[in-house]
Amino acid sequence: MLTQRFTRASSDELLSRDDTLVVMPLTAQCAPSVSGVIHSGIEDLSPDQLNEVWTVNGQVARGQTGDNYWSKTEDMICVARWLTKAQCEQMEESVFEAYLSIFSVLKSHGFEHPFRFWNYLPNINTGDGDEEIYKRFCTGRLQAFEQLGIAASSFPSASALGHHTDGAVIYVFASAEVPQHLKNDKQVNAFNYPRQYGISSPSFTRATALTLADTPYLFISGTASIIGHKTVEVGHLQRQLGVTLDNIEHLLATANPQNRQLATFKVYLRHPEHLAPARDWLNQRYPDVETVFTLADICRSDLLVEIECFCH
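Residues 112 to 423 (the working numbering) are what the sequence shown spells out, left to right.
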């Protein structure tokens with residue numbers, strides 16, 4: 112069974128366990144180290160210094176192919192690739208090349224169907240108009256999908272957030288099984304956003320469902336205070352939390368084919384001073400959902416919070 116947890120255990124301790132697929136230390140570092148450990152630059156806001164860990168049943172193999180670091184089981188693979196500070200200055204080209212390289216690794220291992228992407232970028236809101244880092248990232252990603260012949264109906268769930276250090280990382284979960292990509296009818300499909308959001312619309316779906324080793328899962332993309340395609344409740348943290356969770360609950364009610372239940376929240380907060388009110392708000396409403404609160408810039412500068420979910 113695939114599980115996600117947030118723990119005080121060290122990355123070395125976690126990596127030594129047979130059931131660990133991959134560890135994400137929640138610290139201000141974004142650079143490769145060893146296969147099975149992904150430093151993303153996304154920081155834990157709690158004093159506990161938590162690590163994120165994904166565990167599995169069965170044997171885990173690890174390796175490196177070029178600049179791609181991978182961990183895999185019989186059922187799935189995780190592939191991570193970092194971009195240097197210099198590569199991030201050529202964001203479109205570097206993201207395009209990184210995605211093509213990642214998909215080449217997926218194909219070589221027989222796991223050709225990505226079901227969840229994470230993209231962590233430096234200073235995601237920097238740049239004016241179409242020169243914003245996030246918009247340039249979206250162009251590189253879309254160009255890669257077009258080059259690979261991936262239609263919008265096959266875009267997987269994803270998150271894209273900004274950190275405050277150098278470099279970037281892109282990592283993916285993929286399987287040999289074809290997943291089911293789902294929409295939230297309270298929101299415009301991200302890949303259909305109008306021109307005001309950039310030259311290239313964001314290439315992801317709102318959620319992805321799949322079954323691994325006879326167990327169904329649901330991955331909900333990073334979700335925020337967006338109705339249709341517009342940001343709502345600008346400047347109000349608790350109201351943005353309310354809209355965000357309304358979006359998540361609506362998706363669970365209408366686009367959840369195996370009726371999966373919330374297991375974890377990964378919460379991204381733009382401002383560290385919002386930790387206490389966000390934690391209190393969520394703990395009152397979802398006391399049984401394991402949650403981590405991190406510091407990150409959201410893809411739109413008027414968004415204060417984003418939440419992604421894992422359901423099983």
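By construction, the Cβ of each residue, glycine as well, lies at the ideal position given by its N, Cα and C atoms.
What distance in whole Å lies between the Cβ atoms of K246 and G152, which are believed to be in contact at a cut-off of 8 Å?
Not quite, the Cβ-Cβ distance comes to about 20 Å (not below 8 Å), so this is no contact.
Length of the line joining the Cα atoms of E203 and S215:
19 Å
Euclidean distance between Cα positions of T334 and Q298:
C-alpha of T334 to C-alpha of Q298: approximately 10 Å in a straight line.
The segment 138-145 in contact with the segment 349-356 per 3-pair CB rule at 8 Å
no
What is the residue span of the alpha helix (DSSP H) that V354 lies within?
In the DSSP assignment, V354 falls within the unbroken alpha helix (DSSP H) covering L348 to T365.
E124 to G273 span [Cα, whole Å]
28 Å
Where R247 sits in the DSSP three-state scheme:
helix
Under 8 Å, with one C-beta from each stretch per pair, do the segment 342-349 and the segment 118-135 reach the 3-pair mark?
no
Measuring CB atoms only, is the segment 277-297 touching the segment 226-233, in the sense that at least three cross pairs come out at less than 8 Å?
yes
Identify the residues that DSSP records as bridge partners of W392: which are they?
Bridge partners of W392: none, in fact.
Terminal residues of the beta strand (DSSP E) in which H224 lies:
H224 to P233
Do you know offhand how far P305's Cα is from S312's?
Their Cα atoms are separated by approximately 8 Å.
Kindly list the residues whose CB is nearer than 8 Å to the CB of S157, restricted to its own chain and excluding five residues on each side of it in sequence; keep chain order.
L386, V403 and F404
Please go through the same chain and pick out, in chain order, the residues whose beta-carbon is closer than 6 Å to the beta-carbon of L415, but skip the five residues on each side of it.
L348, Q351 and R381
Going by DSSP, what residue range makes up the beta strand (DSSP E) through A191?
M187 to L194
Inter-residue spacing [alpha-carbon to alpha-carbon] between A255 and V206:
8 Å
Among C420, L253, H150 and V343, whose alpha-carbon lies nearest the alpha-carbon of Y210?
L253
Determine the direct distance from the alpha carbon of Y180 to that of G147, and round the result to whole angstroms.
Rounded to whole angstroms, G147 to Y180 spans 8 Å at the Cα level.
Residue burial classification, G240 (beta-carbon count within 10 angstroms, cutoff 16):
exposed
Paired residues, beta bridge with I418 - DSSP:
When beta bridges are read from the DSSP output, I418 appears opposite T334 and V378.
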